[in-house]
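Notes follow once the structure below has been shown.
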Amino acid sequence: MFKTTFVHGLIAAVLASVAAFIYNHIYFFATEVDFSKIINTGSIIGFSVLICITATFIYYALVKWLRKKGEIIFGFLFSVVSFASVMIPISVSLPLDIKNPELFPGLAVPMIFFPAIAWFTLKPLFPVKD
Amino acid sequence: MKKLIYPFAAFALLAVSAFTAIKSQDWKISDNYSIKFDGGDPSGEFKGLKGTISFDPANLAASKFDASIDVASINTGNGMKNTHAKSDKWFDAEKYPLIKFTSSSITKTAGGYAANGTLDMHGVQKPVTIPFTFDNSEFKGSFEVNRMDFNINTAEPNHGGTKFKVDIDVPVTK
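Residue numbers (this note's numbering), protein chains in the order written: chain A, 670 to 799; chain B, 2 to 175.
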């Protein structure tokens with residue numbers, strides 16, 4: 670079961686990274702504001718892998734412990750944590766040499782949800798067997 | 002008449018060179034200046050520095066600073082804090098768009114110089130002394146400002162600190 674969950678998490682991380690890359694390019698094209706010091710290839714992949722692999726462990730533990738209820742609790746937990754995390758890019762202070770910090774939440778807030786969206790999108794492809 | 006040409010030319014040259022010497026006390030502000038403030042949280046910087054700097058270490062009596070910064074240029078690194086700082090609750094950038102400093106006297110101190118003058122911020126004028134150094138065409142100074150003295154959000158004295166350390170670094174050219 671862990672192998673299935675791990676592959677699920679890994680592919681979700683790849684999907685979230687691809688979505689973040691595309692959104693990053695679209696945002697730069699639309700605003701021409703450069704946040705590459707903060708959000709770049711390394712940080713996008715690192716963030717996506719960190720969230721999705723952490724989700725893998727939490728999901729595995731909850732399903733192992735609570736079975737069907739664990740899956741429901743995980744869904745709520747992932748959504749609530751993702752939603753609460755929007756405060757991070759809104760409240761963070763960027764280095765002063767970065768222009769237009771007011772545009773940073775517009776880039777980072779949607780990206781916060783990409784790991785959860787990727788995880789839930791792929792979930793039907795990785796059914797958990799008892 | 003010819004005899005007068007050379008003395009006249011010498012006098013003219015002297016007059017022009019004296020004028021140049023007086024003008025050389027005026028400095029232009031370079032673009033890479035920084036005006037940073039630190040109150041713990043928030044901290045940040047201002048841009049939009051404009052003004053006239055007349056400074057001659059050998060003639061402090063004739064030296065004078067008259068500078069202003071654009072309140073709307075405040076940057077804390079956070080868009081939400083920038084918006085709040087410019088609002089009528091804090092700096093009220095719309096009503097008081099500039100922070101001005103005008104020196105009344107400049108004196109020599111043990112560590113450099115001190116500019117005594119008036120700081121005009123948020124519609125309040127207060128006398129301040131800014132200690133500074135001048136080396137390699139660069140002014141560096143540091144002083145402390147208490148926002149309560151300038152009636153800036155006096156309703157919330159515990160919100161975002163009251164005392165701010167201001168660090169000024171202004172390279173200049175002739």
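For glycine and all other residues, C-beta sits at the position ideal for the given N, C-alpha and C.
Only a predicted model underlies this, so the values are computations on that prediction, with no experimental measurement involved.
Along the segment 757-775 of chain A, what residues have a CB closer than 8 Å to any CB found in chain B?
I759, S760, V761, S762, L763, P764, L765, I767, N769, P770, E771, L772, F773 and P774
Which residues in the same chain as K65(B) place their Cβ atom closer than 6 Å to its Cβ, once the five residues preceding and following it in sequence are excluded?
S55 and S104
Should E145(B) be labelled buried (16 or more other beta-carbon atoms within 10 Å of its own) or exposed?
exposed
Got a sec, what are the start and stop residues for the beta strand (DSSP E) P128(B) sits in?
V125 to D136
In the DSSP output, what is A724(A) paired with across the bridge?
None; A724(A) has no bridge partner.
Looking only at its own chain, which residues have a Cβ that is under 6 Å from the Cβ of L746(A), when we skip the five neighbours before and after it?
none
Using DSSP with H/G/I as helix, E/B as strand and the rest coil, what is G112(B)?
coil
Measure the CB-CB distance between F47(B) and I75(B) and report whether it falls below 8 Å.
yes
Output needed in chain order: residues of the segment 37-54 of chain B with a Cβ under 7 Å from some Cβ in chain A.
G45 and E46
With burial defined as no fewer than 16 other Cβ atoms inside 10 Å of the residue's Cβ, what is the status of R736(A): buried or exposed?
exposed
Distance, S143(B) Cα to A115(B) Cα:
10 Å
For V755(A), collect the residues of the same chain with a Cβ closer than 7 Å to its Cβ; drop the 5 residues on either side in sequence, then sort them by chain order.
V778 and I781
Thinking C-alpha only, which one of S44(B), K37(B), D42(B) and T53(B) is nearest I30(B)?
T53(B)
Please give the ranges of any beta strand (DSSP E) in the segment 711-766 of chain A, keeping only runs that are unbroken, at least 3 residues long and fully inside the region.
none
Bridge-paired residues (DSSP) for Y53(B):
The sequence shown places Thr at residue 53(B), not Tyr. D67(B), per the DSSP bridge assignment.
Test: N137(B) CB closer than 8 Å to a CB of chain A:
no
Alpha carbon to alpha carbon, how far is G744(A) from W91(B)? Give it in angstroms, no decimals.
42 Å
Spatial neighbours of S106(B) in its chain, beta-carbon cut-off 6 Å, leaving aside the 5 residues before and after
N117
Given the structure, does A753(A) come close to the ligand PLP, in the sense that its CB is under 7 Å from one of the ligand's heavy atoms?
In terms of ligand content, the structure shown is empty, and the ligand PLP therefore cannot be addressed.
Just the Cα atoms here: how many angstroms apart are D34(B) and P774(A)?
This sequence places Tyr at residue 34(B); Asp is not what is there. Between Y34(B) and P774(A), the C-alpha separation is close to 28 Å.
Counting contacts by CB-CB distance shorter than 8 Å, is G118(B) in contact with chain A?
no
Measuring CB to CB, does T84(B) end up less than 8 Å from E771(A)?
yes
Name the chain A residues that come within less than 7 Å of T77(B), Cβ to Cβ?
S762
Neighbourhood of L791(A) by C-beta, 8 Å cutoff - its chain only, sequence neighbours within 5 removed:
H677, I680, A681 and L684
Give me the chain A residues within the contact set of N83(B), using Cβ-Cβ distance strictly less than 9 Å, ordered along the chain.
P770 and E771
For chain A, check one thing: does any of its Cβ atoms lie closer than 8 Å to the Cβ of G162(B)?
no
Sequence-distant residues of its chain with Cβ nearer than 6 Å to I741(A) (five each side left out):
none
Out of D27(B), G113(B) and N79(B), which one is the CA nearest neighbour of P43(B)?
N79(B)
Sub-8 Å separation of K141(B) and I169(B) beta-carbons:
yes
Nearest to V750(A) by alpha carbon, out of Y696(A), D703(A), V687(A) and C721(A)?
C721(A)
Does the beta carbon of G80(B) sit closer than 8 Å to a beta carbon anywhere in chain A?
yes
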